[in-house]
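Student: The structure that follows is given in the form of structure tokens.
Listed below in structure tokens is the structure:
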């Protein structure tokens, strides 16, 4: 019951910005966009979340379009350690679960 | 601050057996969620515990059950193991308050059923 669409894979060069797109055209007004990533054989790691304003933290920036139907996660300076599966998740503030889709496999190349 | 821990890290069981997996929440967190991740797929929600009560459940049969203890640690029990139960089992803890909250995951327990 994932509500998001992400490309299955993408490559990016080490040191460059990585821009990860996500479509969530059926998002409703009280639903947030969350991003998690999962490095091979580890538990998912929380990255960032937002409602309608752009957000930035020490890991990444989240850009949400004005109509909220899509968003982009930006890793400003990708390193080899950013190679992972990135999950975009739409979730209401009272939802008790995270609904993971297939995610985007990001490979950072030297 | 101690993160989420899970035990054991790996486990091999035989079909039909029972298994108990354990999770210790991150300090200050009051909620635990369990997820199953089959190879090559995203994690699937099993259930969540809040204040020692099941707070929500995914599409898993009753042979998947859980407990939350007063210190907010948790157990996942699976009876009558099937081959398809082979997966990475993830525990996530959160502090549930008003508004959105993040879930912080442990490293997982790799269960193999033969």
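Chains as they are written, first to last, in the working numbering: chain G, 1 to 110; chain L, 1001 to 1114. Idealized CB from N, CA, C, for every residue including glycine. Since we're looking at a predicted model, the values are computed, not measured.
Which runs of the beta strand (DSSP E) fall wholly inside the segment 1049-1110 of chain L and span at least 3 residues, in chain order?
Tutor: If we require 3 residues or more, the beta strand (DSSP E) runs fully inside the segment 1049-1110 of chain L come out as 1053-1057, 1064-1068, 1074-1078, 1087-1094.
Student: Tell me which residues share the same chain as residue 1080(L) and place their Cβ nearer than 7 Å to its Cβ, disregarding the 5 neighbours each side in the sequence.
Tutor: So the qualifying residues of the chain are 1016, 1063.
Student: Which complete beta strand (DSSP E) runs does the segment 70-103 of chain G hold, if anything under 3 residues is left out?
Tutor: As far as the segment 70-103 of chain G is concerned, its whole beta strand (DSSP E) runs of at least 3 residues are 70-75, 84-92.
Student: Is there contact here, the segment 95-104 of chain G with the segment 48-66 of chain G, by at least three beta-carbon pairs under 8 Å?
Tutor: Because the criterion of three Cβ pairs below 8 Å is not met, the segment 95-104 of chain G and the segment 48-66 of chain G do not touch.
Student: Measure the CB-CB distance between residue 1006(L) and residue 1104(L) and report whether it falls below 9 Å.
Tutor: Not a contact, by the Cβ cut-off of 9 Å.
Student: Rounded to whole angstroms, what is the Cα-Cα separation between residue 109(G) and residue 1042(L)?
Tutor: Approximately 24 Å, taken between the alpha carbons.
Student: Residues in its own chain within less than 7 Å of residue 51(G) by CB, not counting five upstream and five downstream?
Tutor: The residues are 32.
Student: Determine the extent of the beta strand (DSSP E) in which residue 62(G) is found, giving its start and end residues.
Tutor: Residues 61-64.
Student: In chain G, which residues lie less than 9 Å from residue 1025(L) when you measure between Cβ atoms?
Tutor: Those within 9 Å of residue 1025(L) in chain G number zero; the least Cβ separation is about 13 Å.
Student: Between which two residues does the beta strand (DSSP E) harbouring residue 1013(L) extend?
Tutor: Counting along the chain, the beta strand (DSSP E) containing residue 1013(L) begins and ends at 1010-1013.
Student: Can you check whether the CB of residue 1024(L) is closer than 9 Å to the CB of residue 1092(L)?
Tutor: In this structure, residue 1024(L) does not lie closer than 9 Å to residue 1092(L) by Cβ.
Student: Out of 93(G), 89(G), 107(G), which one is the CA nearest neighbour of residue 22(G)?
Tutor: That would be 89(G), whose Cα lies nearest to the Cα of residue 22(G).
Student: Are the beta-carbon atoms of residue 1030(L) and residue 1057(L) separated by less than 9 Å?
Tutor: No.
Student: CA-CA distance, residue 1061(L) and residue 1085(L)?
Tutor: Cα to Cα, residue 1061(L) sits roughly 11 Å from residue 1085(L).
Student: Can you check the segment 15-67 of chain G for any beta strand (DSSP E) of at least 3 residues that lies completely inside it and give the ranges in chain order?
Tutor: Whole beta strand (DSSP E) segments, 3+ residues: 18-23, 31-38, 45-50, 61-64.
Student: Thinking C-alpha only, which one of 1018(L), 1022(L), 1013(L), 1008(L) is nearest residue 1067(L)?
Tutor: Checking every option, the nearest Cα to that of residue 1067(L) belongs to 1022(L).
Student: Around the C-beta of residue 1044(L), are 16 or more other C-beta atoms found within 10 angstroms, so that it is buried, or is it exposed?
Tutor: Its Cβ being crowded by 16 or more others within 10 Å, residue 1044(L) is buried.
Student: For residue 13(G), which three-state DSSP category applies?
Tutor: Residue state, collapsed to three classes: strand.
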